[in-house]
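Engineer: Taken in sequence, the protein lines are chains A and B.
Take the first sequence: its letter number 181 is residue 181 in the UniProt record's numbering, and every next letter is one higher.
Take the second sequence: its letter number 272 is residue 272 in the UniProt record's numbering, and every next letter is one higher.
C-beta: ideal position from N, C-alpha, C; glycine also.
Quick one: the structure is below, questions incoming.
Number of protein chains: 2
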Amino acid sequence: MNEREFIAALRALPLHSGARGLYDDAAVLEIGGETLILTHDAMTEGTHFRADADMADVAWKLVATNLSDLAAKGAEPVGVLLSYALGSDDERFLAGLREAMEEYRLPLIGGDTISATGARSFGLTAIGRATYTPVPDRSGSQAGDAIYVTGIIGRAMLGFEGVSEHRAAYDRPRPLLAEGHALAPLVTAMMDVSDGLLLDAWRMGQASGVTFEIASDLIPVADPARRFDCMRWGDDYQLLFTAAPETNLPVAATRIGTVVEDGFAPIRLDGELIADPENLGYTHS
Amino acid sequence: MNEREFIAALRALPLHSGARGLYDDAAVLEIGGETLILTHDAMTEGTHFRADADMADVAWKLVATNLSDLAAKGAEPVGVLLSYALGSDDERFLAGLREAMEEYRLPLIGGDTISATGARSFGLTAIGRATYTPVPDRSGSQAGDAIYVTGIIGRAMLGFEGVSEHRAAYDRPRPLLAEGHALAPLVTAMMDVSDGLLLDAWRMGQASGVTFEIASDLIPVADPARRFDCMRWGDDYQLLFTAAPETNLPVAATRIGTVVEDGFAPIRLDGELIADPENLGYTHS
């Protein structure tokens, strides 16, 4: 099975209502008088990081990717559970983990430590508390909304390729917790850009049952000569969101298009309808 | 680092108060007027299961080990987040996962699906709701308490070795959720036996600052000719607990000893003080 087939099969299992049909990056759990946000991201050697990566960067990134999911929900972090496979460079991992936990005031709640042979995997479950309800999801975009993205897209790609000024964007991405918190009450839909701007916009358009009309030349890219590569690469962890066009935004963001009634495809890019998400971004084969 | 060293290093990170100093199998989170129990267990090929294992059994066991941690807290399951590495036998994994989820009425909340190369790892974060507070932990055993264990110890070992009548004990362990629920209000300390009865008793004695006087011939073992092997093997997921000796127990359990004042070691087995946990059970090197 590929990732999409497997997730489709998971949807046939008994799902918690807070799972939102597994169409979202994080689950929303109403507990007592609170709304918790739960997310889990895993990273594995060879797929998510190279064997020669600095484990301090890997640890940072593991925290950042999970916190980015919380950011997209406007949630503030409560703590994390770590799943760790012992290796030869545990000190570096711990150093990066400490930096990220201190930076985001993130306490450790628990987890599991195992011995593993071969390629190593790490996982993190992050728990957050919603700061605003209803919690933003991918499905609320409405015709007439403006489409926005924060920051610059493609920096992680260039950093991965070794461009020194963008290395930090790839090695040490910054989850936009404050931005997500500020935006949550104002957006109609929000998600973090982890798998590529076009793919994530396609998913949001599909979940909302609308078409995202996007003009590629409006998208803020790190390298205009490689605009379409930037739009297809993930790992930037910027926030993609829609809001009524008259909304006063409390954070810097670039308008990249407009939501229109469903025109038979989730995206219309430079006038061309895109019905098939293949090649729009990163998917696990 | 080995597992113990790594966990010691984790204790130097910012810890959530609910982490209980990482001395417990599960975290306890007070949120919104509820008490949540959170636990994460991971399994990896080569260490926790063989490459030729039936993935349906692996999935079942992944669920069962996590629910066993909830059982030891007297918690009822709320749901799980799955961390899954795609492979060639995803259908079998899904089949076992479905069986376990249906058996324990356990909804899926979310998770992550990744591609991995080499040995595969799976993780599960289980969330439960405490049915009784204070939530049992390992540290409440008091001098004079009776020490009990449920069921028979060593069946998983024999099942692992291929003894057919014990195969299910190894392949499909049963988390004792109903038993944990019934015992939670009555025990002074409780944990599940995952790493070996002696090692887990040693840990409970140490956490409680007392000595567990245990008579080996009282321990209900699957093979009396290999009593000490049974006492050192894990994976049985029975419940080990202490309670005042006059307590009327609502579940079947065998008394294996008595808690006494700290005699300089967490365990006194057949009269011999055991200060060093080496060789008492399974630890990740």
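With A:P173 and A:K73 assumed to form a contact (beta carbons below 8 Å), what rounded beta-carbon distance in angstroms separates them?
Structural biologist: That belief does not hold up - the Cβ atoms of A:P173 and A:K73 are roughly 17 Å apart, past 8 Å.
Engineer: Along the chain, where does the alpha helix (DSSP H) containing B:T65 start, and where does it finish?
Structural biologist: 55-71
Engineer: Just the Cα atoms here: how many angstroms apart are B:V221 and B:V149?
Structural biologist: 11 Å
Engineer: So what does DSSP say about B:P224, is it helix, strand or coil?
Structural biologist: helix
Engineer: Three or more beta-carbon pairs under 8 Å between the region 68-87 of chain B and the region 157-166 of chain B, yes or no?
Structural biologist: Fewer than three beta-carbon pairs drawn from the region 68-87 of chain B and the region 157-166 of chain B are found closer than 8 Å, and the two stretches are therefore not classed as touching.
Engineer: In chain B, which residues lie less than 9 Å from A:L199 when you measure between Cβ atoms?
Structural biologist: Residues of chain B passing the Cβ test: none, with the nearest at roughly 15 Å.
Engineer: Would a C-beta distance cut-off of 8 Å place A:A143 and A:V260 closer than the cut-off?
Structural biologist: yes
Engineer: Buried or exposed for A:N248, please, with buried defined as at least 16 other CB atoms from any protein chain shown within 10 angstroms of its CB.
Structural biologist: A residue is called buried once 16 or more other Cβ atoms fall within 10 Å of its Cβ, and A:N248, having fewer, is exposed.
Engineer: Closer than 8 Å between beta carbons: that is the criterion. Which residues of the region 85-107 of chain A meet it against chain B?
Structural biologist: A85, L86, D90, E91, L94, L97, R98, M101, E102, R105, L106, P107
Engineer: Is it a yes or a no for the region 241-257 of chain A touching the region 9-23 of chain B, going by three-plus beta-carbon pairs under 8 Å?
Structural biologist: no
Engineer: If we ignore side chains and look at the alpha-carbon of each, how far apart do A:T258 and A:G180 end up?
Structural biologist: 20 Å
Engineer: According to the Cβ coordinates, are A:G209 and A:L280 closer than 8 Å?
Structural biologist: no
Engineer: Which residue or residues does DSSP assign as beta-bridge partners of B:I214?
Structural biologist: B:G257, B:L269
Engineer: Go to A:H40, then tell me how far its beta strand (DSSP E) extends in each direction, as first and last residue.
Structural biologist: 34-44
Engineer: With a threshold of 8 Å between beta-carbons, can A:F49 be considered close to chain C, or not?
Structural biologist: The structure shown contains no chain C; its protein chains are A and B.
Engineer: Using only the alpha-carbon positions, how far apart do A:Y104 and B:E34 sit?
Structural biologist: 25 Å
Engineer: Give me, in chain order, the residues of the same chain whose beta-carbon lies closer than 8 Å to that of A:H40; leave out the 5 immediate sequence neighbours on both sides.
Structural biologist: N66, G123, L124, T125, A126
Engineer: For a contact meaning CB atoms closer than 8 Å, what does A:M1 contact in chain B?
Structural biologist: Neighbours of A:M1 in chain B, taken as residues whose beta carbon is under 8 Å from its own, are L86, D90, E91 in chain order.
Engineer: Along chain B, in chain order, which residues have C-beta atoms closer than 7 Å to that of A:L10?
Structural biologist: L108
Engineer: For the putative contact between A:I114 and B:A42, defined by C-beta atoms under 8 Å, what is the C-beta separation to the nearest angstrom?
Structural biologist: 5 Å
Engineer: Could you tell me whether any Cβ in chain A is nearer than 8 Å to the Cβ of B:E161?
Structural biologist: So, not an interface residue.
Engineer: Give me the subset of the region 12-36 of chain A whose CB atoms are less than 9 Å from a CB atom of chain B, sorted by chain position.
Structural biologist: Correct list: A12, L13, P14, L15, H16, S17, G18, A19, R20, L22, D24, D25, A26, A27, L29, E30, I31, G32, G33, E34, T35, L36.
Engineer: Please confirm whether B:G79 and B:I109 have their CB atoms less than 8 Å apart.
Structural biologist: Yes, these two residues count as a Cβ contact at 8 Å.
Engineer: Let me confirm a value: A:G271 is counted as buried when at least 16 other C-beta atoms fall within 10 Å, else exposed. Which label applies?
Structural biologist: exposed
Engineer: How far does the alpha helix (DSSP H) with A:R155 in it reach, from first residue to last?
Structural biologist: 155-160
Engineer: Roughly how far, in whole angstroms, is the beta-carbon of B:L15 from the beta-carbon of B:A26, given that I think they are within contact range, below 8 Å?
Structural biologist: That belief does not hold up - the Cβ atoms of B:L15 and B:A26 are roughly 14 Å apart, past 8 Å.
Engineer: List, in chain order, every chain A residue whose beta-carbon is nearer than 9 Å to that of B:A42.
Structural biologist: S83, Y84, A85, G111, D112, T113, I114, A116, S121, G123
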